[in-house]
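Before any comments, here is the structure.
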Amino acid sequence: MYLKLKIENHFLKRKDELDLYKYNAIRVKDSDLAHEIYFQLENGESNFFELSRKYSLDKKIFPEGIVGPKNAVGLHPVIREKLRNYDIGNLIKPFQIDNWWLIIKLLEKKEASLDQNTSKQMALELCEIFVHDKVNEIIKKNFRNL
C-alpha cells in the first residue's frame, strides 16, 4: 500500500511532463514570413504540409510539419505552455523563441493516466531515485572519514 501511494504521488508530480502532444509546426527566421504563413493558414489558402515543405527550417526533421506524439519533457517552456493552454485544432499566432518564429497548431493531446505501464515506469523512477540517494549518502559518508 505504501509503494502504491508513493507511485501515485510521483505520478502526480510528473503528470504534466507525461502528457502527449502532437502538433503542426513551422519554424522560420523572419517575422514577416511567419505572419504571412499564419494568414495563409488562417484563411485556408494553404496547409501546414505545403507551407512546411516550402518554408520551414525543420523540413528535414519534420517534412510534413508534424511533431509527435511527444511528451512535454524536452519541449521549450514557451511551446509547452502554449500547447497546454490551447485547444485541439487551434492555430497559434506566430511567436518568437530566440532567433526563430514559430507557428503551431495543436492536433492531439493525450493526458497521462496512471495505467499499468505508467505505474511500472513510476516505480522504476522511484527505484533509481532511491539508489542514487543511497550512493550519494555512502560517498558523502566515506569522504567525510578521509
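Counting in the numbering used here, the sequence shown runs from 100 upward without gaps. Note that beta-carbon positions come from the ideal geometry of N, C-alpha and C, so glycine has one too. If you're wondering where the values come from, they're calculated on a predicted model, not measured in any experiment.
Return the bridge partner residues of residue i from the DSSP annotation.
{"i": "tyrosine 122", "result": "Val166 and Leu205"}
{"i": "valine 127", "result": "Trp200"}
Alpha carbon to alpha carbon, how far is residue j from residue i? Give it in angstroms, no decimals.
{"i": "glutamate 227", "j": "asparagine 198", "result": "37 Å"}
{"i": "glycine 143", "j": "isoleucine 106", "result": "46 Å"}
{"i": "leucine 156", "j": "aspartate 131", "result": "15 Å"}
{"i": "leucine 119", "j": "serine 212", "result": "11 Å"}
{"i": "phenylalanine 194", "j": "glutamate 135", "result": "13 Å"}
{"i": "lysine 209", "j": "glutamine 215", "result": "16 Å"}
{"i": "glycine 173", "j": "arginine 183", "result": "14 Å"}
Beta strand (DSSP E) containing residue i: first to last residue?
{"i": "lysine 192", "result": "190 to 196"}
Give every residue of the same chain whose Cβ lies closer than 7 Å to the Cβ of residue i, excluding the five residues on either side of it in the sequence, and list them in chain order.
{"i": "histidine 109", "result": "Met221, Glu224 and Leu225"}
Grab the span of the alpha helix (DSSP H) containing residue i for me, first residue to last.
{"i": "isoleucine 187", "result": "Per DSSP, isoleucine 187 belongs to no alpha helix (DSSP H) and is neither H nor E."}
{"i": "methionine 221", "result": "215 to 243"}
{"i": "aspartate 115", "result": "101 to 117"}
{"i": "phenylalanine 161", "result": "It is not in any alpha helix (DSSP H) - phenylalanine 161 carries neither H nor E in the DSSP assignment."}
{"i": "serine 151", "result": "147 to 154"}
In chain order, what residues of the same chain have a beta carbon less than 8 Å from the beta carbon of residue i, not counting five sequence neighbours either side?
{"i": "leucine 257", "result": "Summary: the structure shown does not reach residue 257, with the chain confined to residues 100 through 245, and so no result is reported for it."}
Counting only the same chain and skipping the five closest in sequence on each side, list residues whose C-beta sits under 6 Å from that of residue i.
{"i": "phenylalanine 126", "result": "It is arginine, not phenylalanine, that sits at residue 126 in the sequence shown. So the list reads Ser155, Leu156, Asp157, Trp199 and Leu201, once near-sequence residues are dropped."}
{"i": "lysine 181", "result": "Ile191"}
Relative to the C-alpha of residue i, which candidate in the options has its C-alpha closest?
{"i": "aspartate 186", "options": "Asp129, Lys169, Arg243 and Lys121", "result": "Lys121"}
{"i": "isoleucine 178", "options": "Leu104, Lys233, Asn241 and Glu116", "result": "Glu116"}
{"i": "glycine 188", "options": "Thr217, Leu111, Val172 and Ala124", "result": "Ala124"}
{"i": "leucine 102", "options": "Lys209, Phe229 and Leu174", "result": "Phe229"}
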